[in-house]
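Residue 10 is where the sequence shown starts when you use the working numbering, and the numbers rise one by one after that. Before any comments, here is the structure.
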Amino acid sequence: MRRAKKTSGRAERAPSEIRRVRAPLLRWYDANRRDLPWRRTNDPYAIWISEAMLQQTRVETVIPYWKRFLEAFPDISSLARAELDDVYTVWTGLGYYSRARNLKHAAETLVAEHDGRLPDTAEELLKLKGIGPYTAGAVASIAFDREAPLVDGNVIRVFARWIGIREDSATRTVVEQMWAIAAELVKGSRPGDLNQALMELGATLCTPRNPQCPICPLQRRCDANAQGDAESLPVKEKKAKPTRLRAIAASIERGGKILAVRRPETGLMAGLWTLPGGPIGVAEEAKDRIGTVLAETVGLEIRDVKAIGRVEHLFTHRRLELEVFRCRVDKGARVRRCGFVAHRWLAARAILDLAHAGPTRKALSLLGVTDETSARTARRTNT
Ligand code: SF4
Numbered sequence: 010m011r012r013a014k015k016t017s018g019r020a021e022r023a024p025s026e027i028r029r030v031r032a033p034l035l036r037w038y039d040a041n042r043r044d045l046p047w048r049r050t051n052d053p054y055a056i057w058i059s060e061a062m063l064q065q066t067r068v069e070t071v072i073p074y075w076k077r078f079l080e081a082f083p084d085i086s087s088l089a090r091a092e093l094d095d096v097y098t099v100w101t102g103l104g105y106y107s108r109a110r111n112l113k114h115a116a117e118t119l120v121a122e123h124d125g126r127l128p129d130t131a132e133e134l135l136k137l138k139g140i141g142p143y144t145a146g147a148v149a150s151i152a153f154d155r156e157a158p159l160v161d162g163n164v165i166r167v168f169a170r171w172i173g174i175r176e177d178s179a180t181r182t183v184v185e186q187m188w189a190i191a192a193e194l195v196k197g198s199r200p201g202d203l204n205q206a207l208m209e210l211g212a213t214l215c216t217p218r219n220p221q222c223p224i225c226p227l228q229r230r231c232d233a234n235a236q237g238d239a240e241s242l243p244v245k246e247k248k249a250k251p252t253r254l255r256a257i258a259a260s261i262e263r264g265g266k267i268l269a270v271r272r273p274e275t276g277l278m279a280g281l282w283t284l285p286g287g288p289i290g291v292a293e294e295a296k297d298r299i300g301t302v303l304a305e306t307v308g309l310e311i312r313d314v315k316a317i318g319r320v321e322h323l324f325t326h327r328r329l330e331l332e333v334f335r336c337r338v339d340k341g342a343r344v345r346r347c348g349f350v351a352h353r354w355l356a357a358r359a360i361l362d363l364a365h366a367g368p369t370r371k372a373l374s375l376l377g378v379t380d381e382t383s384a385r386t387a388r389r390t391n392t
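Next comes the structure, spelled out in structure tokens:
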């Protein structure tokens, strides 16, 4: 496999050349499309929910969540009326909870300003919270048959290879070029199917490794197939190293329960339940800081402190190193929160049934609490 060579000029295709692949793409899609539940409905709301869930999550994972979500909130007005905690509960395990929060917020806007319906153009959809250019294009084209383009990771890969774009796919000029190609390609009949065909091709044939070029509908016109460098595309320049963050968290035990705290609605892990704790300096000893951090953030004096271990979690631009402790407080100890918006004393496994952050799941795992031990039994026992 040849490595991708950077070229000085960007690869271009004439609009007529771009549109020529519409027919083979649609024919391939008709014959090969996966039977996914959201492809059996015309309900714009159901399609919107699927697109929100699919943004960061694999299809197989999304299917049961999508079904449960629509059972719990079958339409925009039921989602708008719901308690955010109930939306989080149905979302639990899917991660990236800001998506659930934004869906609820957008549903409230739709009820208040759009008669409880989704607008049918990408421009109007873009005004809703949580809907970016990709989702706007997907919903407008799939649900409303609009000639609205979309570009996601799969589409970028297909375009880079088919057109032969050998520049960093994250640069503004290349991203703009991708959107221009998508806008040209979507013009014509069946825009929703065309967009889905592109994404399907990227998900099933034009995969990052081992693309299935011999059975690809674009094979005869594909630059990377001709050059033999498909696996090197798209070009991704090395990203800057994520910033290192250090923090401590503790399983604080009181009368057989542990303390869970909820983070504020802004910032890292917004609105999610975690173990109490807080950040520490890069050079600080976690064991020297645990008592002070917990006194400052939940107002508790701890005893029987034991270091359990460390977990790491990668956010988009930050790498969190979390030192995990176990400790106790006296039976009558009262919580005085500072920096958290709620707290509960719970059976440890019940935290996994709340909307929780990735690092919390890892910390609980260190403490021997996993999904297998979790029963959906969160019970508020004291506040
Ligand atoms: S021919 Fe190969 S590299 Fe080109 S678009 Fe198809 S699967 Fe991708």
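Don't be surprised by glycine CBs; every beta carbon is placed ideally from N, CA and C. Every value quoted in this text rests on a predicted model; they were computed, and no experiment measured them.
Contact between Ile27 and Ile190 holds, with the beta-carbon distance rounding to 6 angstroms and staying under 8 angstroms. For the ligand SF4, residues qualifying as neighbours are Arg170, Trp171, Leu214, Cys215, Pro220, Cys222, Cys225, Leu227, Gln228, Cys231, Ala233, Asn234, Ala239, where qualification means a beta carbon closer than 5 angstroms to at least one of its heavy atoms (chain order). Taking C-beta atoms as the reference points, Ile257 and Leu268 fail to come closer than 7 angstroms. Taking the C-beta atoms as reference points, Gly211 is found no nearer than 7 angstroms to Val244. Counting only runs of at least 4 residues, the stretch 86–134 fully encloses the following alpha helix (DSSP H) elements, listed from N- to C-terminal order: 93–100, 107–122, 131–134. The three-state reading of DSSP puts Thr283 in strand, counting E and B together. Runs of the alpha helix (DSSP H) lying entirely within the stretch 208–255, each at least 4 residues long, are 232–236 in chain order. For Thr283, the number of other beta carbons within 10 angstroms of its own is at least 16, and it is reported as buried. The beta carbon of Trp171 sits closer than 6 angstroms to those of Leu227, Cys231, all from its chain and outside the five residues before and after it, given in chain order.
Exposed is the label assigned to Lys296, since fewer than 16 other Cβ atoms lie within 10 Å of its Cβ. When rounded, the separation of the alpha-carbon atoms in Ala304 and Leu103 is 33 angstroms. Inside the stretch 298–377, DSSP marks whole alpha helix (DSSP H) runs of 4 or more residues at positions 367–375, from first to last along the chain. For Ala145, no beta strand (DSSP E) segment is defined; the enclosing uninterrupted segment is the alpha helix (DSSP H) at 142–153. Relative to the Cα of Ile151, the nearest Cα in the group Gly162, Leu135, Thr130, Leu137 belongs to Thr130. For the pair Gly139 and Glu321, the Cα-to-Cα distance works out to about 28 angstroms.
The DSSP-derived three-state label of Pro273 is coil. Taking a contact as a CB-CB distance under 8 angstroms, the pair Arg327 and Val291 does not count as one, their CB atoms being some 13 angstroms apart.
Counting only residues of its own chain and dropping the five nearest sequence neighbours on each side, Pro251 has a CB closer than 6 angstroms to the CB of His326, Arg327, Arg328. According to the DSSP assignment, Phe168 belongs to the alpha helix (DSSP H) that extends over 162–168. Judged by DSSP in its simplified three-state form, Lys76 adopts helix.
When secondary structure is reduced to three states using DSSP, Ile174 falls in the coil class, being assigned neither helix nor strand.
When DSSP states are grouped into helix, strand and coil, Pro83 belongs to the coil group.
A distance below 7 angstroms between beta-carbons, with the five flanking residues on each side excluded, links Ala115 to the following residues of its chain, in chain order: Leu137, Lys138, Gly139, Ile140. Straight-line spacing of the CA atoms in Ser87 and Ile58 works out to 13 angstroms. If the five residues before and after Ser107 are omitted, its C-beta is found closer than 7 angstroms to the C-beta atoms of Ala279, all from its own chain and listed in chain order.
The DSSP-derived three-state label of Glu262 is strand.
Boundaries of the alpha helix (DSSP H) around Asn41: 31–41.
Going by DSSP, Pro24 is part of the alpha helix (DSSP H) stretching over 24–28. If you compare the alpha carbons of Leu194, Glu274, Gly286, Ala233 with that of Pro33, the shortest gap goes to Leu194.
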